[in-house]
Amino acid sequence: MAISGLLRPAMLAASRSPRLERTVTRMSTTKKLVDRFVAGAAEPNAVAAVETLLNSGRYITVDYLGEDTTDIEQARNTVSHYLALLSLLRASGTGSVGPLEVSLKLSALGQALPKDGHAIARAHAHQICTAAADAGVLVTIDAEDHTTTDSTLSIVRELRADFPSLGTVLQAYLRRTEADCREFSGPGSRIRLCKGAYREPASVAYQSRAEVDQSYLDCLRILMKGDGYPMVATHDPALIEAAGVFATATARKSDDFEFQMLYGIRDAEQRRLVEAEHHVRVYVPYGDQWYGYFMRRLAERPANMAFFLRSLRPGSQH
Ligand code: FDA
Numbered sequence: 543m544a545i546s547g548l549l550r551p552a553m554l555a556a557s558r559s560p561r562l563e564r565t566v567t568r569m570s571t572t573k574k575l576v577d578r579f580v581a582g583a584a585e586p587n588a589v590a591a592v593e594t595l596l597n598s599g600r601y602i603t604v605d606y607l608g609e610d611t612t613d614i615e616q617a618r619n620t621v622s623h624y625l626a627l628l629s630l631l632r633a634s635g636t637g638s639v640g641p642l643e644v645s646l647k648l649s650a651l652g653q654a655l656p657k658d659g660h661a662i663a664r665a666h667a668h669q670i671c672t673a674a675a676d677a678g679v680l681v682t683i684d685a686e687d688h689t690t691t692d693s694t695l696s697i698v699r700e701l702r703a704d705f706p707s708l709g710t711v712l713q714a715y716l717r718r719t720e721a722d723c724r725e726f727s728g729p730g731s732r733i734r735l736c737k738g739a740y741r742e743p744a745s746v747a748y749q750s751r752a753e754v755d756q757s758y759l760d761c762l763r764i765l766m767k768g769d770g771y772p773m774v775a776t777h778d779p780a781l782i783e784a785a786g787v788f789a790t791a792t793a794r795k796s797d798d799f800e801f802q803m804l805y806g807i808r809d810a811e812q813r814r815l816v817e818a819e820h821h822v823r824v825y826v827p828y829g830d831q832w833y834g835y836f837m838r839r840l841a842e843r844p845a846n847m848a849f850f851l852r853s854l855r856p857g858s859q860h
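Numbering (my numbering), first residue to last: 543 to 860.
Right, dumping it as structure tokens:
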């Protein structure tokens, strides 16, 4: 197995370690690499990044970083940040393919609270969806580890009754996702399909790259053939090309699906797709709770990991 195959699970385990979080977030050497993936600490930083992206013809989705909250005050604080963000992000028009969107992690809104977590997260998400609708901004609910999937999808089903344009993320590495794609491929359904970023057991998730890629293709085919709005969230050149082929085969025009990538990753490819008249939405995270998000980005790419590990060496100047 390549070294990256061994390091990835270790990095994903590290992404959930409070002890390592304390160490890594205190290191001044980490900052430069974090800045590549995170748009800054506060709403004005996020809005500045958003304006730059919009001016280049890209769409955006903004995420206030944080996850796995077990503190109700922290969950309420996350809601306040989204409300502040939404009051800055006001769209001039509305619609299901608008340029502005926010992305929410239900675990940041209280889903993991020991008492009534599911109901609290749903109420918080409802509050944010109401403010977003008022501002003409779309909302998509992120996917987290597989233990949350049932709760997340049930909240999405309920919220869609009030907010039909609410989108959600499905992760191709989960064995269940092909069936979820069938359920969520109906009219009005906005589905962001990604590979999946968490460490999952083989009982629920495909483990090899080839199996995950094949599942992504199978899921994407279902979404493209369906009546919803597929959001193709990947940086993988082979999957981007396949999305174009599926779109042509299903007579989808550029307004009928979009590509999505993460802030700081494959910027040139994002611009190339815009030039080719595709919609490209960039996921823009901000906030100071960047540790889990950052570690998952390192785990995805051996070069990022190597750069980071080198920066940990004593005397390193990164
Ligand atoms: P893959 O990892 O195979 O990468 C393909 C190529 O892209 C690489 O060879 C490299 O060139 C480039 N690349 C990829 N990652 C990079 C990195 N970190 N740094 C530099 N280059 C990189 N996951 C999840 O579990 N829940 C979620 O809600 C979301 N949400 C989400 C939204 C959006 C808009 C995107 C694009 C992705 C997510 N993800 C996610 C993350 C997703 O599951 C996955 O981990 C990453 O997108 C990496 O997978 P790729 O499909 O890009 O392929």
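Every residue, glycine too, gets a C-beta built ideally from N, C-alpha and C.
Along the length of the stretch 644 to 709, whole alpha helix (DSSP H) runs at least 4 residues long occupy 659 to 677 and 691 to 704, reported in chain order.
Between residue 833 and residue 581, the gap from beta carbon to beta carbon reaches 8 Å or more. For residue 805, the closest C-alpha among the options 794, 600, 569 and 558 is that of 600. Going by C-alpha positions, residue 845 is about 12 Å away from residue 550. Within the DSSP secondary-structure output, residue 736 pairs in a beta bridge with 713. Exposure of residue 612 is indicated by the presence of fewer than 16 other C-beta atoms within 10 angstroms of its C-beta. The three-state reading of DSSP puts residue 778 in coil, since its state is none of H, G, I, E or B. Residue burial annotation: residue 603 is buried, with at least 16 other C-beta atoms found within 10 angstroms of its C-beta. Under the DSSP assignment, residue 825 falls in the beta strand (DSSP E) whose first and last residues are 822 to 828. When only Cα atoms are considered, residue 751 and residue 758 end up about 10 Å apart. Ranking 687, 592, 605 and 669 by CA distance to the CA of residue 555 puts 687 first. Within the stretch 761 to 821, the runs of alpha helix (DSSP H) at least 4 residues long that lie entirely inside it are, in chain order, 779 to 791 and 809 to 817. Less than 8 Å divides the Cβ of residue 734 from the Cβ of residue 682. Cα atoms of residue 754 and residue 737: separation of roughly 7 Å, rounded to the nearest angstrom.
Here residue 604 carries a strand assignment [DSSP, helix/strand/coil]. Short of 8 Å from the beta carbon of residue 579, and not among the five residues preceding or following it, lie these beta carbons of its own chain, in chain order: 804, 805, 806, 807, 827, 832, 835, 836 and 839. The beta carbons of residue 695 and residue 722 sit closer together than 8 Å. The closest heavy atom of the ligand FDA lies 7 Å or more from the beta carbon of residue 782. Distance between residue 565 and residue 608, taken at the CA atoms: about 18 Å. With respect to the C-alpha of residue 762, the residue from 726, 642, 678 and 797 having the closest C-alpha is 726. Beta bridge pairing from DSSP links residue 642 with 602.
Between the ligand FDA and residue 616, a heavy atom-to-CB distance of less than 7 Å is absent. Per DSSP, reduced to three states, the secondary structure at residue 747 is strand.
Taking C-beta atoms under 8 Å as the contact rule, residue 666 and residue 652 qualify, at a distance of about 6 Å. By the Cβ criterion, the stretch 620 to 630 is in contact with the stretch 672 to 679, since at least three pairs of Cβ atoms, one from each stretch, lie closer than 8 Å. Closest option to residue 670, judged by alpha-carbon separation, among 619, 713 and 656: 619. In this structure, the beta-carbon distance from residue 662 to residue 703 does not fall below 8 Å.
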